[in-house]
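Chains A and B are the protein sequences, given in the same order.
Residues in the first sequence are numbered consecutively from 1, following my numbering.
Residues in the second sequence are numbered consecutively from 1, following my numbering.
Ideal placement from N, C-alpha and C gives every residue a C-beta, glycine not left out.
Read the structure below first, then the notes.
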Amino acid sequence: MQDLLDSALARITAAGTAAELEAVRVEVLGRKGVLAQLSKDMGKLSADERAARGKFINTAKQSLEGAYEELKSKFEAEALAKRLDSEWLDLTVPAPGARPGSLHPITQIQWEIEDLFRSLGFSVLDGPEVETEHHNFDALNIPPDHPARDMQDTFWLEGHHLLRTHTSPVQVRGMEKLGPPLRMIAPGRVFRNESVDASHEHTFYQLEGMMIDRNVSAGNLIYFMKTLLTAIFKREVTVRLRPGFFPFVEPGFELDIRCLICGGDGCPVCKQSGWVELLPCGLVNPHVLRMSGIDPNEWGGFAFGLGLTRLVMMRYAIDDIRWLQSGDLRFLRQF
Amino acid sequence: MKFSYRWIREFVPGLEMPAQALERLITMKTAECEGIETAGALLAGAAVAKVQAVQPIEGFHNQIATVDAGPYGQKTVVCGASNCRAGITTVYVPLGLKKVSGVMSDGMLASAAELEINRDHAGILELDGTQELPAADQIIEIDNKSITHRPDLWGHHGMAREVAAITGQPLRDPVDLSLLPAGESPVQVEIEDFGLCPRYSALVFENVTVQPSPLWLQARLTAVGLNPINNIVDLTNFIMAELAQPMHAFDRAKLQGSVISARPARAGETILALNDESYELNPANLVIADGAGPIALAGVIGGKDSAISAATTSIVLESANFQASGIRKTSSALKLRTDASMRFEKAQDPHNTVRALARALELLPVLSPGIRLVGGMADCSRELSVPAPIWLNLPWLARKLGRTLETAEVRRILESLEFGVTETDAENFSVTVPSWRATKDVAMPDDLVEEVGRMIGYDSIAPTPPAVLCAPSYDPPEREFLRGVKRHLAAQGFTEVSNYSFISEEEARRFGFAVESHVRVLNPIAAGQELMRTSLLPGIYRNIVENAKHFEHFQLFETGREIHKVPGQKPAERTHAMAAVFSKDDGRAGLLELKRAAEGLAPGLHVRPAAPNAWEHTMRAAELWWQGRARAAKRIGRLSELHPNLVEGGRGAVLDIDLELLRELQPEAVKYAAVRRFPTSVFDLSILTAERELAATLELEIRRLGGDLAEAVEYVREFQGPPLPEGRKSVSFRVVAGAPDRTLSSADIIGIRTRIIDGLNSLGYELRA
């Protein structure tokens, strides 16, 4: 019996493949296998013999099954390892499908500034690109035949309409629609009838801002401009106001920032002056408030205009404004 | 506008700071300076010199001149001027030694142009021995835009007033009104409309000698950009540059009659102007006329026929005031901008006409010795109103600026600018506005905020956060929606472009758009930009063609406004998104990429084949329909491939979506439905059909036949080729069957399946095993 068991064990351990092992399992542990044979004539044995045989069979079964399981696990592990090995993959090949696209640099900077102002409680408003003379000029205190109209060469459309020369008409629309108190910005496309060259475009983007409340001062304006510009340039900026003429504000200011390149010592960017002219602003002219139905004795405010196109050019040191409207992916994919 | 530092200093004698420092102060307190230039740089070291001898240089046109250069002693210079001859008095400029025509030249003899006295460069300047050389000057250039609102700053005296106020120095007035004569003038002035011409003043002179002006005056005019012509014309320009009052001199002998009228031009009248151009006039143009007709375009330009000439011996000197908008209209209509019109359109002070004449009375005897005034002054004027004083509340002023103010300081500032200040009580001033600021510029307290603010210095105001109520901002939904669209398209691999709103007629025609349906630009910047786009397609098409030169494959998009004509109303603007794919393959993948992008924006949209437009591939054009929140699907856009004739070397596919409609159709907030508890069963069907049968048609039929228990029908794949017969394809769908309230029995499933198969068979489709 012991020989029988030893030979069965030897056959199990000799199995070289999972299939061989399975064949041996049937022969040894199967219903017609060696163990089954041993239990067959149990009934003919005496009680003592039967007990001894039973014990032997149990032990044999355990050792045979143990050997089988061990080898089976080994074969399974080998098979899995082989499969995994066969599934080697080169992950350095490019992924299929489109590359990520990108947003226009104007869009990116516009959103950045919109988010900043929204965090300060400003609404982001929108207005038409085709404007009436009233909204683009008259309601902003620029009557017909005012020389200030020369400051903004205008595209005229048939039917006495025009392409807005600034985003300022949205101020008027904002005041008409929302009334005071009001905090709003209006980014958008504007048009000037100017020949295009490296630094001039007839189509560009502005962001208009306005705040109407009680007791708004020039000091408040300076505060907001400083906050805005510090956020845009991501560093502390020094600003200064000097007189500037824009009919829709009184007083009107040109806002300069201390040159970020030279820190104010003078360099070619600031034309040696230490300052860079950045945006026009001012306290809203009472006529403009009145024309939009707001009582200037009760309410006042400030307004400013930021050149988004100019800001994009400053931020990325773009040397030619024409890239922005070029549709050239060699340029646009960089952003 | 160019300002002479020396001229300003004549009116502010206490001015000591250099021009550079002054320029910075003017920029900070008055108007933007664009820079400083030296006028007559060579004059700085120039000396009057006498030419002693001249000898030719063999083989050269130049000559060697020996000159007595005054303080520089005797010098030998090479000179090319033909008028260089022994005995003349001219100007020597030391420039150091330099070899010219083989000879060492020690300095040069200068022409009037080189010295920047006038434009004469025909020869070296010849002096009569009595004239002094003008001095070099510093010219401060002010940005014209920054003084649009300041009629007074179009003359040196006005700027000098600012400088006096800035520096705290006294201001000298060059005008002595007591010089104005009493009595009748030999000319009578008639003004037809005082609205157009509030005032016309004139003086008549005889025994006039027309000759060049003294060098100092010529140099002054040249320095500020005016062109010296003769003493009379120069006088008018000099006073204009000084007092901002444009003037004109007529040759009295050329005038018909003694009546000068300011009146609208009669239809059909013409005038030959001083610039040798002839202008046809209409009643919108104000003219100055004599008995025979127009002699000047009022406030713009004089007439050639009555111009001052060498033969002139008697003149009428005009100093008038014209309505700003009228001058501007005429000047714009005739495209004729002159130094005079530029000033008048800023609304000049009518009080200034007689000041200019008084100044002329002082200068003319110097410029034209022996000149005689004839009679008194003609002065026809409407009643010049005095503007009401402005009430200025000092606490209000301090609140506007955002800083505290000393009452005395406010008074000092206003008075230095010649405002009249009366303290009505401790908190209020009554401020009268000087006439030169009252025409347009200063009329309300806010204007005084600027006067005080700029002089006290905006840099003295501390940045202060405002104390306002906290409130959520109003945000129009369109903005956020547009952001979402852009983000989606960029994430799907599209690069955002920005195109012009203008297209050409040719572009409109290329895409089959009716030219007359476009809003036309009346003054396009260039040919090819005369129409407003009614579609983003022309721009996107251009992007495809241009980028195809550099890339094998690309995806781009734009969001922007279409501008549509609305009869009798303002054009309508409609925001669209257009995306495009260019590739060098069969074009299929690009179209499906666009479809995927569209489905991301409008989940569940339907594609319906459409009749192609002229610019589209005849077999690859479709409309996009979407129901969204609406009751019925609406057409939200179009998906198509560009006609192969339009795109070389590849395929261009475009997707156009009406973003406003897309936004309106956005579904309302999601409503949660309980997740099904009963399992579903799945079976596949393969349908053999004609190769151009639409998958969507089959899907729709399967859904219809499957009824409520067919919960989902999904397209799996399609197959064409052997063993299938030519012209046939097999399309496979997966049907998910289930019910909300029970598990379907196998009999139920077989029932559904049989119903679908029988139905399809009866529609003529064949089912594949």
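Is there a C-beta anywhere in chain A that falls below 8 Å from the one on residue 149 of chain B? Chain A contact via Cβ: present.
Against chain A, does residue 464 of chain B count as a neighbour if the rule is that its beta carbon must be under 8 Å from one of theirs? yes
Note down, in chain order, each residue of its chain lying with its Cβ closer than 6 Å to the Cβ of residue 328 of chain B, except the 5 sequence neighbours on either side. 345
8 Å Cβ cutoff, residue 492 of chain B in contact with chain A: yes
Segment limits, beta strand (DSSP E) that includes residue 134 of chain A: First-last for residue 134 of chain A: 133-136, but that is the alpha helix (DSSP H), not the beta strand (DSSP E).
Which of helix, strand or coil DSSP assigns to residue 62 of chain B: coil
Considering only residues of the same chain and omitting the five flanking positions on each side of residue 290 of chain A, which have a CB-CB separation below 8 Å? 296
Where residue 659 of chain B meets chain A, residues with beta-carbon distance less than 7 Å: Result: empty, since nearest Cβ-Cβ is about 12 Å, beyond 7 Å.
So, do the segment 141-151 of chain A and the segment 586-599 of chain B have three or more beta carbon pairs nearer to each other than 8 Å? no
For residue 121 of chain B, which residues of its own chain have a beta-carbon under 8 Å away from its beta-carbon, when the five flanking residues on both sides are left out? Non-local beta-carbon contacts of residue 121 of chain B in its own chain, meaning distances under 8 Å to residues more than five positions away in sequence, involve 111, 112, 113, 114 in chain order.
Taking contact to mean 3 or more Cβ pairs, one atom from each stretch, closer than 8 Å, check whether the segment 442-457 of chain B and the segment 239-250 of chain A are in contact. yes
Which of the three DSSP states, helix, strand or coil, is assigned to residue 323 of chain A? helix
If distances are taken between C-alpha atoms only, which option among B:299, B:762, B:166 comes closest to residue 340 of chain B? B:299
Counting only beta-carbon separations shorter than 8 Å, does residue 554 of chain B have a partner in chain A? yes
Of all the residues that make up the segment 331-347 of chain B, which are near chain A by a beta-carbon distance shorter than 7 Å? Under the 7 Å Cβ criterion, the segment 331-347 of chain B contributes 345, 346.
Using DSSP bridges, identify the partner residues of residue 733 of chain B. B:685, B:715
Under a CB-based cut-off of 8 Å, is residue 119 of chain B close to chain A? no
In the DSSP assignment, the beta strand (DSSP E) including residue 171 of chain A goes from what residue to what residue? Here residue 171 of chain A belongs to no beta strand (DSSP E); instead the alpha helix (DSSP H) covers 169-178.
Starting from the Cα of residue 216 of chain A, find the closest Cα among A:247, A:181, A:232 and give me that residue. A:181
Would you say the segment 10-28 of chain A touches the segment 71-87 of chain A, given that touching needs at least three Cβ pairs under 8 Å? yes
Compare the C-beta of residue 329 of chain B against all C-beta atoms of chain A and say whether one is closer than 8 Å. yes
Beta-carbon within less than 8 Å of residue 242 of chain B's beta-carbon, same chain only, minus the 5 sequence neighbours each way: which residues are those? 7, 155, 156, 157, 174, 359
Bridge partner(s) assigned by DSSP for residue 428 of chain B: B:393, B:425
Where residue 205 of chain B meets chain A, residues with beta-carbon distance less than 8 Å: Within 8 Å Cβ-Cβ: nothing; residue 205 of chain B doesn't reach chain A, min ~33 Å.
Nearest-angstrom Cα distance between residue 509 of chain B and residue 645 of chain B? 15 Å
Apply the 10 Å Cβ neighbour rule to residue 771 of chain B and answer buried if 16 or more other Cβ atoms are within range, or exposed otherwise. No answer is possible for residue 771 of chain B: it lies beyond the span of chain B, which begins at 1 and ends at 769.
Report back the beta-carbon spacing between residue 364 of chain B and residue 235 of chain B to the nearest angstrom; my notes put them in contact at under 8 Å. 6 Å
Look at the Cβ atom of residue 218 of chain A, then the Cβ atom of residue 400 of chain B, and state whether they are nearer than 8 Å. yes
Which of the three DSSP states is assigned to residue 302 of chain B in this structure? Residue 302 of chain B falls in the strand class under three-state DSSP.
Cβ contact (3+ pairs, closer than 8 Å) linking the segment 271-282 of chain B and the segment 204-216 of chain B: no
With 16 as the cutoff for other CB atoms within 10 Å, does residue 262 of chain B come out buried or exposed? Per the 10 Å Cβ criterion, buried.
Bridge partners for residue 380 of chain B per DSSP, in chain order? Residue 380 of chain B pairs with B:200.
Using only alpha-carbon positions, find the residue among B:165, B:127, B:694 that is nearest to residue 12 of chain B. B:165
Just to check my reading of the structure: residue 225 of chain A and residue 178 of chain A have Cβ atoms closer than 8 Å, yes? What is that Cβ distance to the nearest angstrom? Not a contact, Cβ separation roughly 22 Å.
I believe residue 306 of chain B touches residue 254 of chain B by the beta-carbon criterion, under 8 Å. Please report the beta-carbon distance rounded to the nearest angstrom. Right, their Cβ atoms sit about 4 Å apart.
Residue 217 of chain A at chain B interface by Cβ criterion, 8 Å: yes
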